[in-house]
Every structure is written in C-alpha cells, then in structure tokens.
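Here is the structure we will look at.
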Amino acid sequence: AAAVILFLIIQFTRDDTSFPGTDSAEAGFARDMKTHHAQAVEMASIVRDRLSGSETPLHFFLTDMIQTQINQMGQMEAWLNIWDVPQGSTDPPMAWMGHEVTGRMPGMASNEEIAELRTLPENEMVVRFMELMIVHHQSAVDMANAIIERSDNDVVLRVAEAIVRTQQAEIDLMDDMLTQLGAE
Numbered sequence: 001a002a003a004v005i006l007f008l009i010i011q012f013t014r015d016d017t018s019f020p021g022t023d024s025a026e027a028g029f030a031r032d033m034k035t036h037h038a039q040a041v042e043m044a045s046i047v048r049d050r051l052s053g054s055e056t057p058l059h060f061f062l063t064d065m066i067q068t069q070i071n072q073m074g075q076m077e078a079w080l081n082i083w084d085v086p087q088g089s090t091d092p093p094m095a096w097m098g099h100e101v102t103g104r105m106p107g108m109a110s111n112e113e114i115a116e117l118r119t120l121p122e123n124e125m126v127v128r129f130m131e132l133m134i135v136h137h138q139s140a141v142d143m144a145n146a147i148i149e150r151s152d153n154d155v156v157l158r159v160a161e162a163i164v165r166t167q168q169a170e171i172d173l174m175d176d177m178l179t180q181l182g183a184e
C-alpha cells in the first residue's frame, strides 16, 4: 500500500502525468515479470516447505526470495491498475523486447521440472532448485536490463535496477551454495 501511495504521489506531482499505454514496454515488462516472479515464488515455496529445518540459512534465503518477489509482483500489478491497462495481454511473451517467444519465456521451468522439486530427496531437491533458479534469475536480469534500456519511467527503472541487483546477488549466492554442496 505504501508503494502505491508513493507511486501516486510521484506521478501526480510530476509535470508529465502521462502513463505508459497498453502496448508499452513498461506494461509488457510488468506483465511478463509478474508471470516470471510467480513461478519463482512457486518453486521457492515448494523447496522451503519441504526443508527439514525452518531456522536454517537456506530457509531464510528462500523466505526472503519469496517475499521480495511477491512484493514486486504487487507493485507491478498496481502499476498496471494505475496506468489503467489490462493485467494480461494477447501478445506473446517478451514481444515488448522485440523478440517474442512461443511457449515458455526463457528461464521458466517446465511443469515436469517443478513436479520434480516435489519428489526429489531433500539434498537433490535443493541442488535442482538452485540449478533451475540460477537460469530463471539470469533471464529475469536480462528482462530487467531490457526495460532499463527501453524506459524512462523512474518508478519502473528503480524496480528493474533492484531486480538486477538482488537477483544477481542471489545467483552468486546460489553458485556458492552449489559449490559447498559439491554440485557441478
């Protein structure tokens, strides 16, 4: 709620109160990143809920990942509402980037890979999650960098820059965790 209020204050105190339109890069980014984040939240929740301990660094890491991405999804949903554009689109994913895809967006896990997280033994599940999430995060960083190149909307840019920083830091941390777990 505070983010929405701040966004409204910033938008209505600017001289230029025009909002991004339905077909804008900003709207495409918000829609695609919400979808991307939703899958990351799903995967992290599966793993967190299956961990044997709830007071471990991994548990806290997963909880932070979930909460951060849910928060950003809420911000993006609010943008679309404030901009008065649809939450969804009939455009293919990533069309706003100039290279639309059919099927899954880059970095998205398949239904089979997500199902695998529900059944693997704990250590294998953790390794598989990190392998999947590193690729997932790399794609989110690419998407965030793409909107940084295409937008001049300060609010969108701040969130995109935060996505680049946090997800790159999480990639680095997961790489280190995989090394500690002896994974290749």
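Numbering (the numbering used here), first residue to last: 1 to 184. The beta-carbon is built from N, C-alpha and C at its ideal position, and this holds for glycine as well. The model shown is predicted, which means the values in this text are computed figures rather than measured ones.
(request) In angstroms with no decimal places, state the Cα-to-Cα distance between V127 and D49. (result) In this structure, the straight-line span from the alpha carbon of V127 to that of D49 is close to 15 Å.
(request) Just the C-alpha distance for E125 and E112, rounded to the nearest angstrom, thanks. (result) First, the residue type needs correcting, since residue 125 is Met and not Glu in the sequence shown. Cα-Cα distance, rounded: 13 Å.
(message) For the structure I just gave you, are there three or more beta carbon pairs, one from the region 19 to 29 and one from the region 79 to 91, closer than 8 Å?
(response) Taking 8 Å as the limit for Cβ pairs, the verdict is that the region 79 to 91 does touch the region 19 to 29.
(message) Could you tell me the alpha carbon to alpha carbon distance between E184 and I114, rounded to whole angstroms?
(response) Straight-line spacing of the CA atoms in E184 and I114 works out to 20 Å.
(request) Please state whether DSSP places D91 in a helix, a strand or coil. (result) Coil.
(message) Taking a contact to mean a Cβ-Cβ separation below 8 Å, would you say S139 touches G107 in this structure?
(response) Yes. Within cutoff.
(request) Can you grab the Cα-Cα spacing for the pair Q67 / D91, in whole Å? (result) Spanning the two alpha carbons is a distance of roughly 28 Å.
(request) Confirm, please, whether the CB-CB distance from D32 to P121 is below 8 Å. (result) In this structure, D32 does not lie closer than 8 Å to P121 by Cβ.
(request) Measure the alpha-carbon distance for Q72 versus G182 and round it to whole angstroms. (result) In this structure, the straight-line span from the alpha carbon of Q72 to that of G182 is close to 33 Å.
(request) Please classify W79: is it buried, with 16 or more other beta-carbons within 10 angstroms of its beta-carbon, or exposed? (result) The residue in question, W79, is buried, as its Cβ has 16 or more Cβ neighbours within 10 Å.
(message) Helix, strand or coil, according to DSSP, for E100 in the structure here?
(response) For E100, the secondary structure class from DSSP, reduced to helix, strand or coil, is coil.
(request) Grab me the residues of T102's own chain with a C-beta within less than 8 Å of its C-beta, minus the 5 sequence neighbours each way, in chain order. (result) Cβ contact annotation for T102 (same chain, cutoff 8 Å, sequence separation greater than five): P92, in chain order.
(request) Please classify N153: does DSSP put it in a helix, a strand, or coil? (result) In this structure, N153 counts as coil in the three-state DSSP scheme.
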